[in-house]
Amino acid sequence: MPDSILMQMLTVIWEEITKMWWFFLLAIVLVGVIKGYKLDLRIRDAINRAGSWGIVVAVGVGTVSPLCACGILPVVITLAMIQTPLAPLMALLVTSPVMGPDALILTWSGLGMEWAILKVIGAAVLGLSAGLVTQVLINQGYLAGDLIRLKPKYNSDGTMAPAKEIGAEAGIQVKSMTIVPRASKLRFIFDRTLDAGLFVGKFLLLAIVLEAIIVTLVPISWITALVGQK
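Residues in the sequence shown are numbered consecutively from 542, following the working numbering.
So, in structure tokens, the structure goes:
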């Protein structure tokens, strides 16, 4: 690869990093605070109390939840254990990995307010569609509302066992993160912020590198021919 092309790519990467680093930092700190104060654990209570509005509440919670596809599974499994209807579970399972505070902030910083709003709307539409379609299938008799393979498992003190143990009872491996207890809440928040930074950072860096490759190597005329010009 010629040195001039490599330098162009590195320049694009550096410009994007300098433009987005503080949005990235704000996003992962927000995730750390949410996890540190266990705000994500209130998801279960909010959805289970919602009744017939469960799908809408699940979508709303999913859009503000910082949990990724792996992180939302333990929450959904626990909700299933307390007989939460299937339709809200599907809505939450679809919405949460697509949208969250970190995704909103990074989209806003990288693509602007319009794209960030469109992403929120898109995530909500996906979640509502998943929940409503599931509910229609249940109402029409194509699905049973209790299609949950997992059964509750309780600890000796009467509390519900972790999702990983519940899944293991049914032969299902549930990915989970090993969290080291901390006496200091500030240290715990720092740990969760670091976890979020490592997880989000690798994908953000990959996106920036891909952008640099496209900007440097793909003629702009090709792109405008395919998608048009604003």
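Cβ atoms here follow ideal geometry from the backbone N, Cα and C, with glycine treated the same way.
Considering only residues of the same chain and omitting the five flanking positions on each side of residue i, which have a CB-CB separation below 7 Å?
{"i": "Gly651", "result": "Met561"}
{"i": "Trp656", "result": "Thr648"}
{"i": "Ile546", "result": "Thr757"}
{"i": "Lys726", "result": "Gly577"}
{"i": "Val639", "result": "Ala664, Leu667"}
Assuming residue i and residue j are in contact, meaning their beta carbons sit under 8 Å apart, how far apart are those beta carbons, in whole angstroms?
{"i": "Leu633", "j": "Val602", "result": "6 Å"}
{"i": "Met550", "j": "Thr757", "result": "5 Å"}
{"i": "Glu752", "j": "Val553", "result": "7 Å"}
{"i": "Ala568", "j": "Ile646", "result": "4 Å"}
Within a Cβ cutoff of 6 Å, which residues of the same chain sit near residue i, ignoring the five residues on either side of it in sequence?
{"i": "Leu684", "result": "Leu678"}
{"i": "Lys660", "result": "Thr648"}
{"i": "Val570", "result": "Thr734"}
By Cβ distance, which residues of its chain are closer than 8 Å to residue i, with the 5 residues on each side in sequence left out?
{"i": "Ala591", "result": "Val597, Val598, Ala599, Pro629"}
Ends of the alpha helix (DSSP H) at residue i?
{"i": "Arg733", "result": "726 to 758"}
{"i": "Ser606", "result": "Unbroken run through Ser606: none, as it is neither H nor E."}
{"i": "Gly651", "result": "642 to 652"}
{"i": "Thr625", "result": "Looking at the DSSP string, Thr625 is not in any alpha helix (DSSP H), and its letter there is neither H nor E."}
Starting from the Cα of residue i, find the closest Cα among the options and give me that residue.
{"i": "Leu746", "options": "Ser725, Met548, Trp555", "result": "Trp555"}
{"i": "Ala587", "options": "Gly573, Ser606, Ile761, Ala671", "result": "Ser606"}
{"i": "Phe729", "options": "Glu557, Ile558, Val572, Gly595", "result": "Val572"}
Taking 7 Å as the cut-off, does the CB of residue i come closer than this to any heavy atom belonging to the ligand GTP?
{"i": "Arg590", "result": "This structure simply doesn't include the ligand GTP, nor any ligand for that matter."}
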